[in-house]
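Under the UniProt record's numbering, the letters of the sequence shown match residues 1 to 215, in that order. Just so it is clear, CB atoms sit at the ideal spot from N, CA and C, and this is done for glycine as well. In what follows, a single structure is set out as structure tokens and then discussed.
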Amino acid sequence: MNNKLLIIGASGHGKVIADIAIKMNKWKSIAFLDDNENIKSSMGIEVIGKSTDVFNHLQNYDIFVGIGDNSTREKVQRKLETEGANIPSLIHPNAVIGEQVELASGTVVMAGVVINCCTRIGKGCIINTGATVDHDNIIEDFVHISPGAHLAGTVKVGHGSWLGIGSVVSNNINITSSCNVGAGAVVVKDITESGIYIGIPARRVNNGKDSNIGE
């Protein structure tokens with residue numbers, strides 16, 4: 001671990017990452033990288049370059065990918081891993097983490113989250129504000145559990161899936177990879193086919209063009 005943290009992305013999600021990092025009080029200094037040249041600072045934290053500059057800082061900084069999009073976040077983090085970056089996990093001090101919970105690198109756990117015992121969360125996941133993840137869950141790499149989503153016990157969420165704000169997943173449910181579960185949807189049976197799911201109970205929809213259903 002280094003005593004400085006560099007966050008890739010200075011927009012909305014990156015700002016929340018910075019706020020958590022400040023509250024963790026583990027790093028003496030924090031900086032951003034961002035590709036928008038008009039952003040010189042964010043939250044009073046300096047933007048010191050573009051995302052491609054990250055490879056000049058690997059020896060001096062811990063690196064965190066503050067990008068909300070699952071696929072982009074995965075692409076960036078995978079590249080950082082191949083270059084030997086030190087990628088921490090971030091946990092808001094007001095989150096509740098049970099015993100025997102595993103959190104892999106690049107995952108962030110935000111304010112008000114509850115993760116109960118014996119749950120395993122993969123790389124680069126976002127467990128967003130006020131979400132709950134109950135016992136014995138498996139959350140695979142680069143999943144986003146949106147604010148206020150609630151997962152009951154023994155749920156598995158596949159790689160790269162996104163559970164929208166306020167969505168609910170019943171116990172003993174498997175959700176396959178690359179799924180978008182819409183805001184407020186209720187999942188009561190296994191999802192075995194990738195796609196977009198909305199409604200109560202959640203059902204698959206064919207139109208993949210609506211990119212805002214999970215917010």
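Best match in the options for proximity to residue i [C-alpha to C-alpha]
i: Ile20; options: Glu37, Thr129 and Val47; result: Thr129
i: Met110; options: Pro147, Ile48 and Gly44; result: Pro147
i: Gly66; options: Gln100, Ile127, Arg204 and Asn137; result: Ile127
i: Glu193; options: Pro88, His159 and Ser167; result: His159
Chain-order list of residues whose beta-carbon lies under 6 Å from that of residue i (same chain, five-residue window excluded)
i: Ser51; result: Ile8, Leu33 and Asp35
i: Asn174; result: Lys156 and Asp190
i: Ile91; result: Val109
i: Val168; result: His150 and Val186
i: Ala10; result: Phe32, Asp34, Ile39, Ser42 and Val47
i: Val101; result: Ile115 and Thr119
Cβ distance (whole Å) where residue i is taken to contact residue j below 8 Å
i: Val122; j: Ala104; result: Val is not the amino acid found at residue 122; the sequence shown has Gly there. Going by Cβ atoms, the distance from Gly122 to Ala104 rounds to 5 Å, so yes, they are a contact pair.
i: Arg44; j: Gln77; result: In the sequence as presented, Arg is not what sits at residue 44; that position holds Gly. 26 Å between Cβ atoms; not a contact.
i: Phe142; j: Glu74; result: 4 Å
i: Leu58; j: Ala31; result: So it is not a contact: roughly 14 Å between Cβ atoms.
i: Val113; j: Ile17; result: About 14 Å separates the two Cβ atoms, so there is no contact after all.
i: Lys23; j: Ser42; result: With 8 Å as the limit, Lys23 and Ser42 do not qualify as a contact, their Cβ atoms being about 16 Å apart.
Distance, residue j Cα to residue i Cα
i: Val47; j: Ile39; result: 7 Å
i: Tyr61; j: Lys79; result: 16 Å
i: Ile115; j: His135; result: 7 Å
i: Ser178; j: Asp69; result: 12 Å
i: Glu99; j: Cys117; result: 5 Å
i: Glu83; j: Pro201; result: 44 Å
i: Gly195; j: Gly184; result: 16 Å
i: Arg204; j: Pro93; result: 37 Å
i: Phe55; j: Leu5; result: 14 Å
i: Glu215; j: Ile165; result: Its pLDDT being 48, under 50, Glu215 is placed unreliably by the model, and nothing is read from it.
i: Ser29; j: Thr72; result: 25 Å
i: Asn25; j: Gly49; result: 23 Å
i: Ile97; j: Ser89; result: 13 Å
i: Ser161; j: Ala149; result: 13 Å
i: Val187; j: Thr176; result: 12 Å
i: Asp53; j: Gly182; result: 35 Å
Classification of residue i by the beta-carbon crowding that lies within 10 angstroms, buried from 16 upward
i: Thr119; result: buried
i: Asn180; result: buried
i: Glu37; result: exposed
i: Phe64; result: buried
i: Gly12; result: exposed
i: Asp210; result: Model confidence at Asp210 stands at a pLDDT of 45, short of 50, so the residue's coordinates are unreliable; what they give is reported in the following sentence. Answer is exposed; the Cβ neighbour count stays below 16.
Own chain partners of residue i with C-beta closer than 7 Å, once the 5 adjacent residues on each side are dropped
i: Gly153; result: Asp134, His135, Asp136 and Asn171
i: Gly199; result: Ala185
i: Asn2; result: Asn60, Tyr61, Asp62 and Asn86
i: Asn206; result: none
Cutoff 8 Å; reference residue i; Cβ partners in own chain excluding five residues on either side
i: Ile145; result: Cys125, Ile126, Ile127, Asn128, Ala131, Val133, Ile139, Leu151, Val157 and Leu163
i: Tyr197; result: Cys179, Asn180, Val181, Gly182, Ala185, Val187, Ile191, Arg203, Arg204 and Val205
i: Trp27; result: Asn2, Asn3, Lys4, Leu5, Ala21 and Asp62
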